Structure formats: C-alpha cells, structure tokens
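**Student:** Protein chains in written order, with our numbering: chain A, 1 to 254; chain B, 255 to 814; chain C, 815 to 929.
Glycine is no exception: its CB is placed at the ideal position from the N, C-alpha and C atoms.
Since we're looking at a predicted model, the values are computed, not measured.
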Amino acid sequence: MPDSTAIAQGAPDTAGSTHGEHPPYLRHHFNSAEQQADASNFAMWLFLLTEVMFFGGLFTAYLIYRNWYYAAFVAGSHQLNVVWGTLNTLVLILSSFTMAMGVWCAETRRRRGLVLCLALTLILGLGFLGIKTIEYSEKIEKHHVPGAHYSLQSFLDPDSDDAARAAGDKPLPLDMARHTEVYFSLYFAMTGMHALHMIIGIGILGFMIFRARAGAYTAGHVTFVENFGLYWHFVDIIWIYLFALLYLISRHGT
Amino acid sequence: MSSSATIVRLPDQSTARIPKLNYLSKENGILSWLLTGDHKRIAILYLISITFFFFIGGALAGLIRLELLTPQSDLMATDTYNKVFTMHGIIMIFFFLVPSVPATLGNFFIPMMLGAKDLALPKVNLLSWYLYMGAGILALYTMMTGGVDTGWTFTTPLSTHYVNTNVLTTGLAVFIAGFSSIFTGLNFIVTIHKMRAPGMTWFRMPLFVWAHYAASILMVLGTPVLAIAIVLVALERTIGIGVFDPTKGGDPLLFQHLFWFYSHPAVYIMILPGMGVISEVISTFSRKRVFGYTAVAFSSVAIAVFGFFVWAHHMFIMGISNYSTLVFSLLTMLVAVPSAIKIFNWTFTLYKGSITFETPMLYAFGFMGLFTIGGMTGVFLGTSGTDIHLTETYFIVAHFHFVMVGGMLMAFLAGIHFWWPKMTGRMYPEKISQLAAVVTFIGFNLTFFPQFILGTLGMPRRYASYPPEFQILNVFSTAGASILGVGYLLPVLYLTWSLKYGPIAGNNPWQATGLEWQTQSPPLTENFTEMPIMDHEAYDYEWLENQQTREKEAEVTSAG
Amino acid sequence: MSEQRVLDEHAHHIVGPRVYVTILFALLLGTALTVGASFVDLGSWHLTSSLVIYWNPIVALAIACSKAVLVVLYFMHVRYSTKLTMLTVGAGIFMFLALVGMTLSDYISRAWGQW
Chain A
1 MPDSTAIAQG
11 APDTAGSTHG
21 EHPPYLRHHF
31 NSAEQQADAS
41 NFAMWLFLLT
51 EVMFFGGLFT
61 AYLIYRNWYY
71 AAFVAGSHQL
81 NVVWGTLNTL
91 VLILSSFTMA
101 MGVWCAETRR
111 RRGLVLCLAL
121 TLILGLGFLG
131 IKTIEYSEKI
141 EKHHVPGAHY
151 SLQSFLDPDS
161 DDAARAAGDK
171 PLPLDMARHT
181 EVYFSLYFAM
191 TGMHALHMII
201 GIGILGFMIF
211 RARAGAYTAG
221 HVTFVENFGL
231 YWHFVDIIWI
241 YLFALLYLIS
251 RHGT
Chain B
255 MSSSATIVRL
265 PDQSTARIPK
275 LNYLSKENGI
285 LSWLLTGDHK
295 RIAILYLISI
305 TFFFFIGGAL
315 AGLIRLELLT
325 PQSDLMATDT
335 YNKVFTMHGI
345 IMIFFFLVPS
355 VPATLGNFFI
365 PMMLGAKDLA
375 LPKVNLLSWY
385 LYMGAGILAL
395 YTMMTGGVDT
405 GWTFTTPLST
415 HYVNTNVLTT
425 GLAVFIAGFS
435 SIFTGLNFIV
445 TIHKMRAPGM
455 TWFRMPLFVW
465 AHYAASILMV
475 LGTPVLAIAI
485 VLVALERTIG
495 IGVFDPTKGG
505 DPLLFQHLFW
515 FYSHPAVYIM
525 ILPGMGVISE
535 VISTFSRKRV
545 FGYTAVAFSS
555 VAIAVFGFFV
565 WAHHMFIMGI
575 SNYSTLVFSL
585 LTMLVAVPSA
595 IKIFNWTFTL
605 YKGSITFETP
615 MLYAFGFMGL
625 FTIGGMTGVF
635 LGTSGTDIHL
645 TETYFIVAHF
655 HFVMVGGMLM
665 AFLAGIHFWW
675 PKMTGRMYPE
685 KISQLAAVVT
695 FIGFNLTFFP
705 QFILGTLGMP
715 RRYASYPPEF
725 QILNVFSTAG
735 ASILGVGYLL
745 PVLYLTWSLK
755 YGPIAGNNPW
765 QATGLEWQTQ
775 SPPLTENFTE
785 MPIMDHEAYD
795 YEWLENQQTR
805 EKEAEVTSAG
Chain C
815 MSEQRVLDEH
825 AHHIVGPRVY
835 VTILFALLLG
845 TALTVGASFV
855 DLGSWHLTSS
865 LVIYWNPIVA
875 LAIACSKAVL
885 VVLYFMHVRY
895 STKLTMLTVG
905 AGIFMFLALV
915 GMTLSDYISR
925 AWGQW
C-alpha cells in the first residue's frame, strides 16, 4: 500500500476509495469526494481573502480621511439614520443565522428545512436592500450624493436640516464642510460595493432555492451551500464593520 | 553529436512516432479547445495569446525606440508618444509578463509535477483564460480608439482630472485581467495544497512548484488592492467623489499607496515563476540536484512575504513622510537578500556539475548575469539618497528591463525551450536556437546597458525629446532593440517549424528528473495512466539512472 | 450505514442549531451594546500632550471585532476547521492589517503632533 510512505498533508486517501463510492458529482480529476469538498472549501476561503483585500483599500481610505476630517465625518455620520442602520444590522445578522441553519439542514438532509432557510435568507437580504434603497433615496433628495449636485447646506446651516438639528450640530467652516463630500464618497463607495455583493449573493440564493427544491444539496453533496454560506457570512462581517464605522462615529453630542 | 557536448538523447528517428493518443489528438474541433477543461490545452491557448500580445507590446517598443533615435519629438506628437509608452507598459506587464510563465508553463506542468490529473478547478482555469482574452481585446480596443497616456501607473490626479483619454476602458481591462490572474493563483494554491500524489511531500516538490506557490500568494492577496484602486479612479473620473482630489480634501498619494501595494508584489509575481524555471534548467543541465533545496524553497516564500512590505520605495519623492522613507528603504534592503540567496544556490549547483550548453541553459546563464545586474541596481534605487537622483530617469527604465526582460523573459524562453519537447513531442532545432539566444543576449545588452548611463547622466523617462548630448547612447539603444527584435522573432519561426519537421523527442530527451518527464510526449489528457507514487527526493539523478536501467530491462513503451 | 459514513467523512463536525442560536443572541446583544455605547461619551485618556486615546471608537471597533470573530469561528465553522483554514484566515487578517497599518503610518508620520 502506498500509505506506508510519508503521505503529504492533504493527499487523498487512496486506500479509502475501496469504499467503492463514486458519486455522480465527483469530478474526474479528484480521487475522492472528500478531497473535492476540501479543495473547493479551501478555494472559497482564498476567494474571501481577495475580498478582504479589496475592501481593505476602502477601509484604508476611510481611516485616513476620518482622522484628517473628523468634524466632517461626524457631521456626515449624523445624516445617517441610526434606526435604519441598526435595523439593517439586525436583518443581516438574522440572515447569517438563517444561512447557517440552512447549512445545517443540508448537512442533516432536511430538504424542506433547507429551502425554508434559504428562502428566509433571501427575504432578509431583500429587506436589507429595501432599507438601503430608502436610505439612498433620502440622500439623493437631500443632495448628499457626491458630484455635480452636492449640497453643503446641511453642514453650513445645520438648523435647516432635521437630522443635523436633532443631533445638535454646529455649523462647519467652509473647508471642513466641503470635506463632507469625501465622507459621502466613502459612504456610497463602501455601502455600494457591499450592496453589490449582496445583490450577487441574492441572485445565487435564488438559484440555490431552485436547486434545493430538487434535492440537489440534501443528498450528501453540501459543498455549494456550505461555500455560499461562507460568502454570505463574509458579507455580513463587512456590514458589521461598516455599521460601526459609518453610522456610529459620534452620537453623544460633544 | 558526441555525448560530452550535449545530454540530449533522442529516440531512434526511423522508428519513433508521436504517440497516437495524446492531449492534442484526444478531441478535435474548435469547441473542444474553447470549452476544454484540460489544463494543458488551456496552457496552449494562453501560449498563443500571450505571444500575440508580446509582439504588440514589442511593436510599441519599436515605436518608442524609433522616436528616441533623434533628440526632437519628430516621429510622432508628444501626446502620441505618451500613449505609446503607456500602452507598451500595460500590455507588456498585464498581458505578457504577469501571465507568461504561470499561465503557460505553470498551468501545463504543475499538475504533472505533483502527480495530479488536472488543476483543482478546471472550469475556473478556463474562465481565467476568457477573462484574459476579454481584457486583452478591450485593451486593444482602447488602443485603437485613442489610447491612454497616463503611463501604466495611472498616477493621480493626472489620470483622474487632467487627461481626456481612455482611462476608464483601460482601467476596466486591467481590472478584468487582474481577476484572470487571481483565479490562476487561487487554482495553483488549492492544487498544491490538496492534490499532491502519495509521497509527494512539500519538500519533494520541484522548486518550480514552490516558486509558483509563492507567486500565487502574491496574486491572491495583492491584485484585489489594484482592483479597488482602479474602481476609485473610475469613480473619481465619473462622479468626482473627491477621494483623490486635493480641492475636495482628498490625497492623490492615497492612489499611489493602493496602486503600488499591488504593483510592487506584481514584479515578484512576474519574476518568481521565472526563477522556478531557472532552478529546473540549471539542475538538469548540470546533472546535479539544486544546491540548498530548502533555502531556495524558503527564499521563494520569503520574497513573497517581504515583497508585500516595500511598496513605498516607488514613492520616495512623491510626498511620503521621511519616516516612511526610512522604513521602506530599510525593508527594501531586506527583500534583496532572498533573491541573492537564490543566485548563490544556483551558482553552487553549477559548481562541479556536468555542464552542457543547450539552449535552455544559455538562456539560464543569461538570466543569472542580467538578473544579478538588474537586482543590484534595484538596491541603488532602494537607497533613498541615490533614488532621489536616479528616480524617474532612464536608470529606472534600465533597472526594470534588466530584471524583467533580461531576467524574466529569458527565463520564459528557457522554460519554453526546455519543455517544448514535452508539450509538443518534437525537439526544436538546436543550432539556430542557440544562435537566437546569443543574438537576444547581445541585443539586450546593447539596448539597455546604455540606458543605465543615460539615467545617471540625467535623461528623464517618459519624454519624447531630450538634450542632444544624449543622442549617441539612444542610437546604441535603438540599434540594440532591432537586434533584440530579431532574437525574439527567430524562436517563433523555428518553434513553429519544429511542430512539423522537428525530430521526435521521446519521453525524456533531457533525462531530467520530475514526474512530467516520466510520461509520454505529448502527454495524455489525464497525464498519468495510473497514479504515480513519489518515493524519491526531488532532483534525484541516481533514481533516474536506476529507472532507466529498469526501463531498458523491461522494455516499456509509451502508451499509444 | 454508508450514508452515515458519507456524512461523517465529509462533515468533520456538524455544528448544531443550539450553537447558532447562542451566537445569534450574542450578536444581537453586541449590536445593542455598540449602538448604546455610541450615545455615551466614554471619555479619553491623555497619554502625552499630543497622544490622546478616545474610547468611543475603540469600544465600537472592539465590539465589531468580537462580533466578527464569533461569525468567523462559529457561523463559518473555523473553530472546527483544519489548521490550514485557520492559517488562511490569519493570513488574510495579517495582510489587511499590513495594508492599513503601513499606509496609515505614512499619514501619521507626515506631520507629527498635528492630529
């Protein structure tokens, strides 16, 4: 038996394939279903690493400008609705929970449970996007979208703006008020990029529900659901940080 | 040929045949190529595409050198010149150098070297190629519809606020090409971790695989930062978000931080696979195991790790703080060490080896000399004091061409020649290939050595016109470039010729170690008829001799 | 029997609903904490005349990191995964910190004491 030599870490258990099982989803270049699942799981983690570095650039930009233009960031943050933001956070955390439960259902071969969990995750995801749409349209109305129509009024004259007035903001000097545009650039870039990832995730969820109903993931081959779960949890983690950094900068009014 | 002048051992040409069943003959028709999952076919697709882009980039280089024959900007408008050197850089870096060895030789041979039937994710591999082709076509389209003139470095605020050229489409092309690179690297890492044959421990893998592992880590962790930098430039150009705009409080230098965070590791992405090739070639043509295997393996990983922490040495004069300059300069000194370790180890491999001078070895020697010069001049540039004088001059241009062209491109050609018999089943013509290697070496030195002098004398880079006292060196450089062009054209011609008329190579014409040489040439689609067991160390020439004796006794013939 | 074998081979460890519910509540609690903390001025610590630590952002980040760690360990199963997975996660975090940290070090050191 070849196993007597030092088997490399992760090398397939060739003796184990005497088990005789050659499931239809086993691709020809793999030696066992376990090797295939292992490899695709690892591949998903590596892809998530690329996502971490991708968002990393945005977080770097955010940290630099928050430190340079703190007052502008505070004023900008006060323009965001904490209620919507917190609700969104709760929605996403709940969707992470339903997704994790979905993986459990797939692993324990509960077909209907899996479909239910995936459907709930999808609905919660849509809910998140719905709330985001409300928030974005508010920003558009108030001319807080960076670009040609950006308006400084809320920051030069906080009393004219209900959110700024509620937070007790003082008027900013002109140059600091202009830096609020950088805050909103990062707000839209980061939440927009996050929302794009959510949209892609929801699309894949739709596909998965369709396949799950046919029993594709509850016959022992859970890799797709598991790996998608990793992606979904990652998107949740990004939001956890975005919420803390964008919405909660300073709400204690000093 | 006497056996002392060459190690090549070809089968008897009167009876030898290309094996009827191989990865090329398995299926026919254009769809079997365009929808293939076979890593070897994908490698060939890449080989054809990158050769195509290489010659486009080369033509642009020719235009640069023609313009620089005279001190005035008389061949083309200065704006056009800006576009020419920008596109030359973009095409050569993103569409030739980054995928060169990994996507062709890496794709083809990593599974075979590990004893696997394919890479871990064959569909992702094919997707990689389609992304590359899409990006390449988009880049060509931007070239033909006005080009881009910011330099391949897209420096802000020039690229965001002051040019009217195709920055967005070029940025998109680079973004897509970046994903092609990420997926290739991701595939390699998974394959190397999860699909080694029994007995193939980490320290029995060929050093070619180690080099690709290190380069893949760089691809996966570095490229996404380039992606976000490009996205931010796009947003800045379209909406004017202000993140790089000083008038809105942004910092243009932030772009450079994000850009060079990728682009410095990118140079190691480019060179590491080439170093992997050199390890294989030097070992084979000295008939000796690579000296200090562990050191070479770890130095590959060390280059990758250290390479992530030196990016701001491209920004010494751009406005970073003095303290950052100090730190990054120091770290740059450190990153030179693992590269030097490799050169030492290759030299010690040569020492007391049985050296022969076949074409791959000629390219490898060229690599060792030229990469050493290029690398050492990198240290001059990493020293911030000298960098202030030398940066943005032709010294930089000479430095990176020495490492990229004198180093990487030579390594690529060494690898193509070394593995040509395995990929095609045919041997290339030796005399003309040796001639091409020598012509390339001479042409290269004539082209780029004068540029070191030009840089030290103060000629700036990216200028279409220059003071007349610099002309003579520029003329030498252009003359060298024409010789270099011939040197690169010849392999295309004779390698293509060899496909029909080259002698049949047999399984192992170089008598090299490595699992890929134990299979037929060209290999079967599934690489191995039965799973190989790795029971000997890498570069074990004794094992190879015993194997050949065993084979003679058993009179085994290749499949088909 | 063979079904179970397949499950065992592949599952390494099936994380059950009880763990998930616990983590869910921990995350919800963390969210409440972080929102509440943002409405309270947690003060600052003056280390030197120019080096001040403000507690609000630190607390917010600490809570966010804890939530992220819980999601990574339990929802993403890293607690039950191979060393390779843990190494991969570690590598990602390390590179992220290197990018942010080393870039920020340039900005911080550009004008010592002016922040």
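Could you tell me the boundaries of the beta strand (DSSP E) in which C/Tyr868 lies?
**Tutor:** 866-868 is the extent of the beta strand (DSSP E) around C/Tyr868.
**Student:** Please check if any C-beta of chain C sits within less than 9 Å of the C-beta of B/Tyr386.
**Tutor:** So, not an interface residue.
**Student:** CB B/Val352 to CB B/Gly425, shorter than 9 Å?
**Tutor:** No, these two residues do not count as a Cβ contact at 9 Å.
**Student:** Please give me, in chain order, every unbroken run of the alpha helix (DSSP H) with length at least 4 that falls completely inside the stretch 595-648 of chain B.
**Tutor:** Fully enclosed alpha helix (DSSP H) runs of 4 or longer: 613-636, 638-644.
**Student:** Note the first and the last residue of the continuous beta strand (DSSP E) segment covering C/Leu858.
**Tutor:** In the sequence under discussion, the amino acid at residue 858 of chain C is Ser, which differs from the Leu named in the question. Per DSSP, C/Ser858 belongs to the beta strand (DSSP E) from 858-860.
**Student:** Among C/Tyr921, C/Val833, C/Ala912, which residue has its Cα nearest to the Cα of B/Val564?
**Tutor:** The candidate whose alpha carbon is nearest that of B/Val564 is C/Ala912.
**Student:** So who's on the other strand from B/Arg680, going by DSSP bridges?
**Tutor:** Beta-bridge pairing links B/Arg680 to B/Ile758.
**Student:** Which word fits B/Tyr335, buried or exposed, when buried means at least 16 other C-beta atoms lie within 10 angstroms of its C-beta?
**Tutor:** B/Tyr335 comes out buried.
**Student:** Only counting the same chain, and skipping five residues up and downstream in sequence, which positions put a Cβ closer than 8 Å to that of C/Met815?
**Tutor:** Confidence at C/Met815 is low in this model, with a pLDDT of 41, below 50, so its placement is unreliable and no value can be given for it.
**Student:** Mind checking if A/Asn31 is an interface residue toward chain C, Cβ cutoff 9 Å exclusive?
**Tutor:** No, A/Asn31 lies away from the interface with chain C (no Cβ there is under 9 Å from its Cβ).
**Student:** Should the stretch 492-511 of chain B be regarded as contacting the stretch 542-560 of chain B, the criterion being three or more beta carbon pairs within less than 8 Å?
**Tutor:** Touching, no, given that fewer than three Cβ pairs across the two stretches are closer than 8 Å.
**Student:** Return the chain-ordered list of same chain residues with a C-beta closer than 6 Å to the C-beta of C/Leu865, the five sequence neighbours on each side being excluded.
**Tutor:** Closer than 6 Å at the Cβ level, and outside the excluded window around C/Leu865, lies no residue.
**Student:** Using a Cβ cut-off of 8 Å, pull out every chain C residue sitting near B/Phe515, in sequence order please.
**Tutor:** Ordered by position in chain C, the residues that pass the 8 Å Cβ test against B/Phe515 are Leu913, Thr917.
**Student:** Looking at B/Lys337: is its Cβ nearer than 9 Å to the Cβ of B/Val428?
**Tutor:** No, these two residues do not count as a Cβ contact at 9 Å.
**Student:** What residues in the stretch 80-111 of chain A bring their beta carbon closer than 9 Å to a beta carbon of chain C?
**Tutor:** So the list reads Val82, Gly85, Thr86, Thr89, Leu90, Ile93, Leu94, Ser96, Phe97, Met99, Ala100, Met101, Val103, Trp104, Glu107, Thr108, Arg109, given in the order they occur along the chain.
**Student:** Looking only at its chain, what residues have a beta carbon closer than 6 Å to the beta carbon of C/Ala851, apart from the 5 residues adjacent to it on each side?
**Tutor:** So the qualifying residues of the chain are Val873.
**Student:** Is B/Pro714 helix, strand or coil by DSSP?
**Tutor:** Strand, per DSSP.
**Student:** Within the same chain, show all residues whose beta-carbon is closer than 6 Å to that of B/Leu412, passing over the 5 residues directly before and after it, in chain order.
**Tutor:** For B/Leu412, where only same-chain residues beyond five positions count, the Cβ hits under 6 Å are Thr404.
**Student:** Go through its chain and collect everything with a Cβ distance to B/Ile304's Cβ below 8 Å, but skip five positions before and after it.
**Tutor:** The answer, listed in chain order, is Phe349, Phe350, Pro353, Ser354, Ala357, Thr358.
**Student:** So the alpha helix (DSSP H) A/Asp162 belongs to, where does it begin and stop?
**Tutor:** 162-167 is the span of the alpha helix (DSSP H), which, as asked, contains A/Asp162.
**Student:** List, in chain order, every chain A residue whose beta-carbon is nearer than 8 Å to that of C/Gly830.
**Tutor:** Simply Trp104.
**Student:** Are the Cβ atoms of B/Met677 and B/Ala297 separated by less than 9 Å?
**Tutor:** Yes.
**Student:** For C/Ser923, go through chain B and note every residue whose CB falls closer than 8 Å to its CB, in chain order.
**Tutor:** The contacting residues are Ser575, Asn576, Tyr577, Ser578.
**Student:** If you compare alpha carbons, which of A/Ala43, A/Ala37, A/Thr180, A/Glu138 is closest to A/Asn81?
**Tutor:** Comparing Cα-Cα distances from A/Asn81 to each of A/Ala43, A/Ala37, A/Thr180, A/Glu138, the minimum goes to A/Glu138.
**Student:** Does DSSP put A/Ser250 in a helix, a strand or coil?
**Tutor:** In this structure, A/Ser250 counts as coil in the three-state DSSP scheme.
**Student:** Starting from C/Met909, find everything on chain B with Cβ-Cβ shorter than 8 Å and list it in chain order.
**Tutor:** Going along chain B in sequence order, the residues near C/Met909 (Cβ under 8 Å) are Leu475, Phe562.
**Student:** Just to confirm, is the Cβ distance from A/Val182 to A/Leu92 under 9 Å?
**Tutor:** Not closer than 9 Å, so no.
**Student:** Could you tell me the distance, in whole angstroms, from the CA atom of B/Pro683 to the CA atom of B/Trp771?
**Tutor:** Cα to Cα, B/Pro683 sits roughly 20 Å from B/Trp771.
**Student:** Considering only residues of the stretch 526-576 of chain B, which uninterrupted alpha helix (DSSP H) runs meet the minimum length of 4 residues and lie entirely inside it, listed in chain order?
**Tutor:** 547-561, all fully within the stretch 526-576 of chain B.
**Student:** Quick check on DSSP: helix, strand or coil for C/Asp920?
**Tutor:** The answer is helix: DSSP assigns C/Asp920 an H, G or I state.
**Student:** Quick test of your reading: B/Ser687 and B/Gly636, contact by CB under 8 Å. State the CB separation rounded to the nearest angstrom.
**Tutor:** No, B/Ser687 and B/Gly636 are not in contact; Cβ-Cβ is about 36 Å, not under 8 Å.
**Student:** Helix, strand or coil: which one does DSSP assign to A/Phe54?
**Tutor:** Three-state DSSP puts A/Phe54 in a helix.
**Student:** Report all residues from its chain with a CB closer than 7 Å to the CB of B/Gln326; omit the five preceding and five following residues, and keep chain order.
**Tutor:** Ser719.
**Student:** List the whole-angstrom C-beta distance separating B/Thr260 from B/Glu612, where the pair is believed to meet the contact cut-off of C-beta under 8 Å.
**Tutor:** Confirmed, about 6 Å.
**Student:** So which residues of chain C does A/Arg251 contact, with C-beta pairs closer than 8 Å?
**Tutor:** Correct list: Ser852, Phe853.
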